[in-house]
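Structure record follows, encoded as structure tokens.
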Amino acid sequence: MFTARHDLCDRSLFRAGPPYEVFRELREEEPVAFLPEPDGPGFWGVFRYDDVVEVSRHPQQFASAPAVFIQDPPDASVTQELLINQDPPRHTKLRKLVNRGFTPRQISALEPHLRDIVVGLLDRASEMGSFDLVHDLAVEVPLQVIAELVGVPHEDRHKVFAWTERMMSNDDDDQDAMHADAQVAIAEMFGYADQLIESRIGGDGSDLLSVLLRADVDGDALSQFEVDVFFMLLMNAGSETTRNLITGGTLALFEHPDQRALLAERPDLLPGAIEEMLRWVTPVMHFRRTAQEDLEIAGQPIAAGDKVVMWYTSANRDEAQFPEADTFDVTRTPNEHVAFGAGGPHFCLGASLARLETRILFEEMLARMPTLAQAGDPVRLKSNFINGIKSLPVRV
Ligand code: HEM
């Protein structure tokens with residue numbers, strides 16, 4: 028029986044942004060609540076910071092298989108291969124294959140090139156005078172970087188991005204049509220990845236696709252299908268997330284002119300400001316686990332096999348962890364937000380990359396466009412998974 032009064036799968040609840048008041052009520056009154064899902068048994072929502080951390084850090088009790096999305100996927104053949112849906116020991120081995128490309132040292136080596144990309148985009152945007160922050164800037168920075176890291180030719184990046192949008196957007200009221208379209212997008216992306224793979228086989232390239240093709244897991248190479256799935260995860264995770272941090276972070280500065288003025292005066296506050304943007308925006312709002320045994324969360328009995336969903340959006344506004352949690356404060360310390368996950372083996376692989384992309388973008392944007400102003404209302408993504416903005420008109 029459902030215990031909560033709210034239906035967090037009702038995406039209209041997220042039309043104007045995450046329903047922070049609903050999350051507050053849940054934290055206070057039903058911190059572990061059983062909620063409905065369409066065409067499924069329902070799930071336990073976990074809303075308090077400490078409980079989200081507890082679930083995330085106990086992968087033996089809370090597994091990532093069969094899937095970390097609330098609803099079980101219609102086609103498990105793809106999702107079960109995704110790194111993010113796997114558990115040790117296979118997860119550990121697969122993650123090692125790509126880890127080396129994402130260490131803080133590897134990532135910081137990208138800084139000069141990344142700055143060139145950002146400056147080029149800002150110059151172009153300045154010439155336009157008025158532009159769309161999402162399309163002209165926030166999408167382009169992470170997309171160009173992940174495309175290069177993975178080995179997607181520059182001229183193909185928008186084609187690949189269009190597929191990721193169709194898979195991730197969750198923005199259509201006709202859910203059946205949306206799922207069907209996502210399946211078509213996956214098939215098209217795999218067809219494209221197969222062509223790229225063909226051109227890389229036997230080569231010694233340093234892009235991640237070439238590295239995956241040479242990988243060895245217990246004496247076996249990855250199958251072409253496994254490489255396709257890895258490709259999809261990296262392209263989706265690398266481009267659909269950081270863009271919403273950039274857009275949501277810029278909007279937070281527009282809405283809090285005092286904080287923006289402080290940052291303009293003290294650029295040394297920027298790294299801390301980015302952590303606050305991560306907490307404030309929380310671009311990925313939840314991930315799910317599945318209980319492996321009968322257990323309790325904060326005294327609430329949970330049965331083996333039940334779905335357990337960690338609401339990062341709620342944890343990041345939990346007053347018990349963050350004093351004045353509904354205040355955007357670029358000087359906040361400490362700031363142990365859970366925007367990249369709440370710890371454990373799946374902690375975001377791209378966290379260093381996302382931080383670097385965002386820091387460089389804001390460094391250059393605040394310096395080069397000190398009078399940047401909002402020129403229209405943001406158009407929000409109607410999703411309970413990605414806290415996204417589809418369009419934000421601005422002028423220099
Ligand atoms: C602001 C930007 C980003 C946010 C908010 C974000 C958020 C997250 C979250 C919440 C998780 C799950 C953590 C967990 O279950 O404990 C995750 C995992 C992951 N992220 Fe990110 N991410 C971002 C950027 C990126 C980028 C740029 C990449 C680049 C490749 C990336 C790649 C991944 C991958 C591959 C995983 C799965 C890791 C695993 O299963 O071991 N992410 N991310």
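Just remember that this note's numbering sits 27 ahead of the position in the sequence shown, which is counted from 1.
Note that CB positions come from ideal geometry on N, CA and C, so glycine has one too.
Quick caveat: nothing in here was measured; it's all calculated off a predicted structure.
Unbroken alpha helix (DSSP H) run spanning residue i, endpoints
| i | result |
| --- | --- |
| Q87 | Counting along the chain, Q87 falls outside any alpha helix (DSSP H), and DSSP gives it neither H nor E. |
| S104 | 103-106 |
| I97 | Run containing I97: none; DSSP gives neither H nor E here. |
| A288 | 284-292 |
| K123 | 117-126 |
| A381 | 378-395 |
| P298 | 297-308 |
| S39 | Counting along the chain, S39 falls outside any alpha helix (DSSP H), and DSSP gives it neither H nor E. |
| Q133 | 131-135 |
For residue j and residue i, believed in contact at Cβ under 8 Å, the rounded distance
| i | j | result |
| --- | --- | --- |
| V79 | A369 | 5 Å |
| R270 | A381 | R270 to A381, Cβ: 10 Å. No contact. |
| R359 | E303 | 5 Å |
| R75 | A342 | 7 Å |
| P298 | T268 | Contact flag wrong, Cβ pair sits at about 19 Å. |
| I387 | L141 | 5 Å |
| L62 | D37 | With 8 Å as the limit, L62 and D37 do not qualify as a contact, their Cβ atoms being about 10 Å apart. |
| S83 | G371 | 5 Å |
| A92 | D66 | Rounded, the Cβ-Cβ distance is 20 Å, inconsistent with contact. |
| G377 | A264 | 6 Å |
| L235 | V125 | 6 Å |
| I97 | R316 | The pair is not a contact, with the Cβ atoms about 11 Å apart (cut-off 8 Å). |
| E384 | V177 | No, E384 and V177 are not in contact; Cβ-Cβ is about 15 Å, not under 8 Å. |
| E253 | E108 | 6 Å |
| V308 | N411 | The Cβ separation is near 15 Å, so there is no contact. |
| T340 | F50 | 6 Å |
| P405 | D159 | The Cβ separation is near 10 Å, so there is no contact. |
| A325 | F89 | Wrong, their Cβ atoms sit about 14 Å apart, outside the cutoff. |
| L149 | M396 | 7 Å |
| L296 | V357 | 5 Å |
| S233 | L170 | That pair is no contact at about 20 Å. |
| Q210 | D102 | 7 Å |
| R344 | S157 | Their Cβ separation, rounded to whole angstroms, is 33 Å, which puts R344 and S157 out of contact at 8 Å. |
| V336 | H313 | 5 Å |
| L240 | F257 | Not quite, the Cβ-Cβ distance comes to about 10 Å (not below 8 Å), so this is no contact. |
| H283 | F389 | 14 Å between Cβ atoms; not a contact. |
| L272 | L305 | 6 Å |
| F29 | G69 | 6 Å |
Per DSSP, the bridge partner or partners of residue i
| i | result |
| --- | --- |
| R400 | At residue 400 the sequence reads Ala, which differs from the Arg that was named. The partner list for A400 (beta bridge, DSSP) reads R422. |
| G72 | A60, V336 |
| L322 | I329 |
| T317 | A90, K334 |
| D416 | Residue 416 is actually Ile in this sequence, not Asp. Per DSSP, R407. |
| V311 | I413 |
| field | alpha helix (DSSP H) segments (min. 4 residues) lying fully within the segment 155-223 | value | 167-177, 184-195
| task | Please list the segments of the beta strand (DSSP E) lying wholly inside the segment 228-252, counting only runs of 3 or more residues, in order along the chain. | result | none
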